[in-house]
């Protein structure tokens, strides 16, 4: 908080900032009006107005025309960022399955406060439009959707709508260049099968999404984990050295709002990464599931936008942005399209046709973009409220990320804290967190956790974070 420098407007600004940081006013909430504060404080209207201008300069509030002043998300400068991992361990076999299943069980319990899994609450997803489309479906469409297999590449209209949305990011896209999948993780799995064989080395960011590691384990591959900066992504010098010193067969990257770090890789770094892999003819599997959940002014470009040789296999889905239960994802596999087609047909036949038809109809309207605008604002506010609560309640040596999009925070705790022990202790209090140790094939992130911000910020969540902070404080002693 800045000093008051003796002026009454600055003293009022300091007081309001203190209330924001204490959680009295939460992110996205409207502050009292200028006239209301004049009556409360006895200050003049001009003094109160100057206080709001001062809060704007500090980045604490924003003015909305004919509406008033609202609390802005505080994502930067609350606490120091987590440190970047330093170790490059070499290709390794992966073994995380048992822990992964234990976490899934905890995250599926409706009686547990879900601060672990990267989940978006159903209240934030469209409640009416998709069911209405299905209810209005012609009888023939309903009958065909249940009695017949959808085309193994996916419903034509859905692929056409996705191609239209991808074109501004990647240039002209043909519907025939993509394959519909059962969510993004199946798209990644198909891509891994298409570009690797048993014993191959797959390069991943460290930390990484643990289900990438589980896929690598199940396919009898080896993981090469590369240190990754919480702000800008993978270290280019280390990456280049790794490619020179190891027989890397493929890589999995999340360049836009990485899970768990939340960073947005700058375009110049994206271009450099793709150029390195294109030059060596090494495929990149890109997971862009969070690409639509940006907090800035515009949709960021994917790695695919910089691909000159068709070596980026682009994977995404509607699970985070629209409805996870639809299980509709897709892959644009570039020069590996024929292999993906074969695996898709032989192993899965097709994805459900009725949901694909309904989603294709929904994407023809403006409802999806309208929904995304609301969702981004809500998620940014929720991430801001959660970050403020962690800064307020957790021990002072805590470090957190400042994500540019997505739904998670990556939290570094005191070295005495074991995230697995914290997971178990929190679960006894009916709180689920995500232990960082599962985000690598070693215990390098044993004192880290991932916090989900996809739930509307409520008093229950605030109490849960305060309870979690108490457990962390005891473990830190």
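Residue numbers (our numbering): 12 to 488. Where is the CB? At the ideal position from N, CA and C, for every residue including glycine.
Query - residue 230, DSSP secondary structure in three states - result: Of the three classes helix, strand and coil, the one that applies to residue 230 here is coil, per DSSP.
Query raised in the report: Beta-carbon separation of residue 38 and residue 82 under 8 Å?
Result: Yes. Within cutoff.
Query - Limits of the unbroken alpha helix (DSSP H) element including residue 448 - result: Element bounds for residue 448: n/a, residue is neither H nor E.
Query raised in the report: Does the segment 411-422 come within contact of the segment 177-186, defined as at least 3 CB pairs closer than 8 Å?
Result: Because the criterion of three Cβ pairs below 8 Å is not met, the segment 411-422 and the segment 177-186 do not touch.
Query - residue 12 (DSSP reduced to helix, strand or coil) - result: Its pLDDT being 43, under 50, residue 12 is placed unreliably by the model, and the measurement read from it follows with that caveat. If DSSP states are grouped into helix, strand and coil, residue 12 belongs with coil.
Report task. Closer than 6 Å by C-beta to residue 333: which residues in its own chain qualify, once you throw out the five before and the five after it? Chain order, please. Result -> Counting only residues of its own chain and dropping the five nearest sequence neighbours on each side, residue 333 has no CB closer than 6 Å to any other CB.
Requested in this report: Consult DSSP for residue 276 and reduce its assignment to one of helix, strand or coil.
Outcome: Residue 276 falls in the coil class under three-state DSSP.
Query - Helix, strand or coil at residue 319 [DSSP, three-state] - result: If DSSP states are grouped into helix, strand and coil, residue 319 belongs with coil.
Query raised in the report: What three-state label does DSSP hand residue 434 in the structure shown?
Result: Helix, per DSSP.
**Report entry** residue 394 versus residue 19: straight-line alpha-carbon distance, rounded
**Finding:** About 32 Å.
Requested in this report: Run the CB neighbour count on residue 256, radius 10 Å, all protein chains shown included, and call it buried at 16 or more, exposed below.
Outcome: With fewer than 16 other Cβ atoms within 10 Å, it is exposed.
Requested in this report: Please name the residue or residues paired with residue 264 in a DSSP beta bridge.
Outcome: For residue 264, which the question treats as bridged, DSSP gives the partners 297.
Report task. Could you tell me the distance, in whole angstroms, from the CA atom of residue 208 to the CA atom of residue 229? Result -> The straight-line gap from Cα to Cα measures roughly 12 Å.
Report task. State the Cα-Cα distance for the pair residue 377 and residue 391, rounded to the nearest angstrom. Result -> Near 22 Å, if we compare the C-alpha coordinates of residue 391 and residue 377.
Query raised in the report: residue 81 by DSSP, collapsed to three states: which one?
Result: Shown here, residue 81 sits in a strand according to DSSP, grouped into three states.
Query raised in the report: In the structure shown, what three-state DSSP assignment does residue 57 receive?
Result: Collapsing the DSSP output to three states places residue 57 in a helix.
Query raised in the report: In the DSSP assignment, what residue or residues form a beta bridge with residue 343?
Result: DSSP output for residue 343 lists 325 as bridge partner(s).
Query - Ranges of the beta strand (DSSP E) found wholly within the segment 329-400, counting only runs of at least 3 - result: Qualifying beta strand (DSSP E) stretches, in chain order: 340-343.
Query - Counted within 10 angstroms of its Cβ, other Cβ atoms place residue 192 as buried (16 or more) or exposed - result: Under this definition residue 192 is a buried residue.
Query raised in the report: Taking the alpha-carbon positions, what's the residue 198 to residue 471 distance?
Result: Their backbone Cα atoms lie some 36 Å apart in a straight line.
Report task. Kindly list the residues whose CB is nearer than 6 Å to the CB of residue 320, restricted to its own chain and excluding five residues on each side of it in sequence; keep chain order. Result -> 289.
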